[in-house]
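As they're listed, the protein sequences go chains A and B. Each number in the working numbering comes from the position in the first sequence (counting from 1) with 15 added on. Each number in the working numbering comes from the position in the second sequence (counting from 1) with 79 added on. A short write-up of the structure that comes next.
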Amino acid sequence: MIQQKNVTNTGQAFTLEGVVASMLLISVALIFSLQITAITPLSASTSSQHIENQHAELAQGALETAEREELIQMLLYWDSSSSKFHNSDSDGEYRVDAPNVEFAQEVDRVLINQGIGVNIDLTYYNNRTTYSDTTINYFTSGEPSDHGHTVERSVPIYENDPIYDSTGNPTSQNVTETDFYLENINEDSELYNIVVIKFTVWRI
Amino acid sequence: MYSKKHKQTAQLIIITAFVLALTFLLLATLLNIVIYSENQASRGVAVADQAAFETHTDVNKSVKGLLKEDNFNNYSRSYDERQNSVTRGIEHIFNVNKIKETKNQRLYNGTITETENGTRIIQDSNRNFTNQYGTENWIVVDSTENTRNMTQTVERNSLHQAPNKTVWSVPGYMIFNSMFRTEFDTSSGTWVVYFVEDVSTNTIYLRTENPSGSFYNDCAISSSQATVNYSEQTVGNQDCPALDFVTELNNPYQIRYINSDEVEGQYHIHTSAELGSGVPDYQYNSVSSQDSPYAVRSIYSVEYKQLYISEEVEYDVSVYVAPNQLENESV
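Written out as structure tokens, the structure is:
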């Protein structure tokens with residue numbers, strides 16, 4: 016009887032040892048994986064795709080529902096005297112304050128103030144035959160996180176579209192009468208240029 | 080030191096530990112797969128469809144805008160010049176989208192399959208609706224398949240006056256012969272739209288007579304002027320069932336103004352008939368003078384094919400663009 020009790024105790028000890036050993040192994044494996052990839056709350060993972068989905072819908076909704084007039088106002092908000100966008104930084108980019116145009120103000124109010132980071136980049140075309148392009152940063156909140164999402168919308172600029180003053184109102188000058196960042200790459204038609212707006216959102 | 084039995088037990092424990100560890104890892108992986116699959120199921124196709132739809136919408140909006148810009152500028156352009164201008168512009172839109180999609184590892188290709196010439200007929204200053212010579216009964220459009228953006232803004236005081244609407248509503252009543260009316264003459268008969276002012280209520284009434292001589296209900300607006308939008312079937316921005324017939328017109332049809340000295344106001348018609356053939360150019364003032372009424376050569380519509388291929392979606396579609404033309408409408 017005494018021998019039988021000893022055997023049972025030994026069995027329990029072995030089982031416990033086994034469980035502890037497995038936990039040890041898992042812990043080592045976990046520490047190892049954590050060390051080789053820097054996982055933060057903003058890192059992309061299989062479980063963060065819902066956040067990506069939300070961002071995709073958010074970005075899409077913001078850009079798609081914007082009227083062309085609102086986007087034109089943003090793209091042609093040009094200060095001819097300083098050859099950059101009105102009240103932008105010395106390099107022509109907006110960083111802290113959104114420009115005084117309807118779309119950017121709406122983005123500032125609805126997204127940035129709610130802790131959503133926003134970058135707006137503009138791509139336009141320089142040459143009618145090679146279609147070489149240039150991309151500029153228009154508005155920058157920072158570096159997007161892994162589950163940020165970018166949507167694009169191409170906006171045609173026509174020859175009769177006006178340049179906008181610092182208050183956001185159209186001036187009497189249209190794009191053909193102003194020297195600014197866009198060139199007329201389609202002189203045979205009313206089309207002046209096409210700007211692709213790249214709109215990136217992510218959770219800060 | 081240790082007995083053979085103890086060594087075997089130790090080995091057993093290590094193996095058990097490995098089995099347990101693997102089991103936990105397997106469970107974790109399975110859980111991860113479930114989460115991943117669920118995410119993919121709720122995401123994949125929608126995102127791919129969305130990208131295709133975005134491109135489709137972008138191109139469509141750009142072509143519509145270009146068509147509008149071209150038609151509303153450079154009035155002196157010939158049809159060839161307009162065709163050339165619109166074609167170049169649309170090809171540029173296609174090329175830019177092709178480059179944009181290529182950068183996103185997708186294929187896009189657009190091809191214009193047809194451009195249709197048309198005419199914009201304009202009276203943009205207030206006067207009666209007679210032709211350039213003052214003729215009261217005249218053919219506005221001789222023969223057309225489609226018309227869009229057809230509007231008439233009429234001044235109430237200029238219309239023929241009736242004592243009250245119950246009198247003028249009687250078919251065959253003599254004042255009908257004096258009223259301003261717009262006629263749509265088709266192969267199966269003529270639709271007539273009458274305009275009158277009810278002096279007892281200061282109301283503009285509009286009434287439609289079908290080819291068999293029956294009347295629809297009135298559309299009325301108590302205002303000093305009313306804009307009749309045939310394309311949207313509204314009077315003063317309110318639905319007007321009396322204009323529903325515009326979706327039933329047989330092609331081709333003729334548009335006429337009768338008693339056009341019994342009305343004053345402005346109008347605009349965009350028709351798919353060419354100036355000089357379907358639209359009689361002698362009825363209008365020269366486009367250079369822009370004295371009302373005048374007619375401008377235009378591009379009525381554009382049809383193009385577009386192909387969009389991504390890893391998930393293949394989208395091949397033919398698109399018809401005639402800005403502001405409603406679905407299934409003739410006017």
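All C-beta atoms, glycine included, are put in the ideal place defined by N, C-alpha and C.
- Short of 6 Å from the beta carbon of L354/B, and not among the five residues preceding or following it, lie these beta carbons of its own chain, in chain order: T198, D360, A374 and R376.
- DSSP places I300/B in the uninterrupted beta strand (DSSP E) bounded by C298 to I300.
- The beta carbon of E205/A is closer than 8 Å to those of Y173, E174 and N175 in its chain, skipping five residues each way along the sequence.
- Between the stretch 313–328 of chain B and the stretch 202–212 of chain B, the count of C-beta pairs closer than 8 Å stays below three; the two stretches do not touch.
- Boundaries of the beta strand (DSSP E) around H349/B: E343 to T350.
- Counting only residues of its own chain and dropping the five nearest sequence neighbours on each side, T223/B has a CB closer than 7 Å to the CB of P331, Y332, T350, S351, A352 and G357.
- Distances from the alpha-carbon of P171/A to those of L137/A, F154/A, A113/A and E192/A put L137/A closest.
- Of the candidates N184/A, T182/A, P177/A and S181/A, P177/A places its Cα closest to the Cα of T191/A.
- With its beta carbon at least 8 Å from every one in chain A, N207/B lies outside the interface.
- E234/B has its alpha-carbon roughly 17 Å from the corresponding atom of Y309/B.
- Listed as beta-bridge partners of I337/B by DSSP are R260/B.
- Rounded to the nearest whole angstrom, the C-alpha separation of E72/A and L99/B is 42 Å.
- Proximity to G292/B across N281/B, T280/B, I283/B and V271/B peaks at V271/B, based on C-alpha coordinates.
- Residue burial is scored here from C-beta neighbours: E82/A has fewer than 16 other C-beta atoms within 10 angstroms and is therefore classed as exposed.
- The three-state reading of DSSP puts S279/B in coil, since its state is none of H, G, I, E or B.
- The bridge partners DSSP lists for A81/A come to none.
- For D159/B, there are no neighbours in chain A by C-beta distance under 7 Å, as the nearest C-beta there is about 13 Å away.
- Beta-bridge partners assigned by DSSP to V170/A: V210/A.
- Contacts between A36/A and chain B, judged by CB atoms closer than 9 Å, involve I92, I93, T95, A96, F97, L99 and A100 in chain order.
- Under a criterion of Cβ atoms nearer than 9 Å, no residue of chain B is adjacent to H162/A; the nearest Cβ is some 11 Å distant.
- The continuous beta strand (DSSP E) containing Q202/B extends over residues L186 to N207.
- Annotation: the continuous beta strand (DSSP E) that includes G132/A extends over I131 to Y140.
- Residue pairing of I112/B in beta bridges, as defined by DSSP: absent, with no partner found.
- The beta strand (DSSP E) runs lying completely inside the stretch 212–236 of chain B and spanning 3 residues or more are 217–223 and 226–234, given in chain order.
- When DSSP states are grouped into helix, strand and coil, E288/B belongs to the strand group.
- Boundaries for V111/A: no beta strand (DSSP E) harbours it, and the DSSP string shows neither H nor E there.
- In the DSSP annotation of this structure, the continuous segment of the alpha helix (DSSP H) that includes T181/B starts and ends at Y158 to K182.
- Against chain B, the beta carbon of V211/A has neighbours under 8 Å at V175 and K179, listed in chain order.
- The beta carbon of G76/A does not come within 8 Å of any beta carbon belonging to chain B, so the residue lies off that interface.
- In the DSSP secondary-structure assignment, I378/B is bridged to N196/B.
- For E390/B, no Cβ of chain A is located within less than 8 Å of the residue's own Cβ.
- The contact set of R156/B on chain A, defined by CB atoms closer than 8 Å, is empty, because the minimum CB distance reaches about 11 Å.
- In this structure, the alpha-carbon of R156/B lies about 18 Å from that of G144/B.
- By the Cβ test, the stretch 142–156 of chain A is not in contact with the stretch 182–190 of chain A, since fewer than three Cβ pairs between them sit closer than 8 Å.
- For R168/A, the chain B residues whose Cβ falls inside 8 Å of its Cβ are E133 and D137, in order along the chain.
- Cβ contact annotation for N142/A (same chain, cutoff 7 Å, sequence separation greater than five): I200, in chain order.
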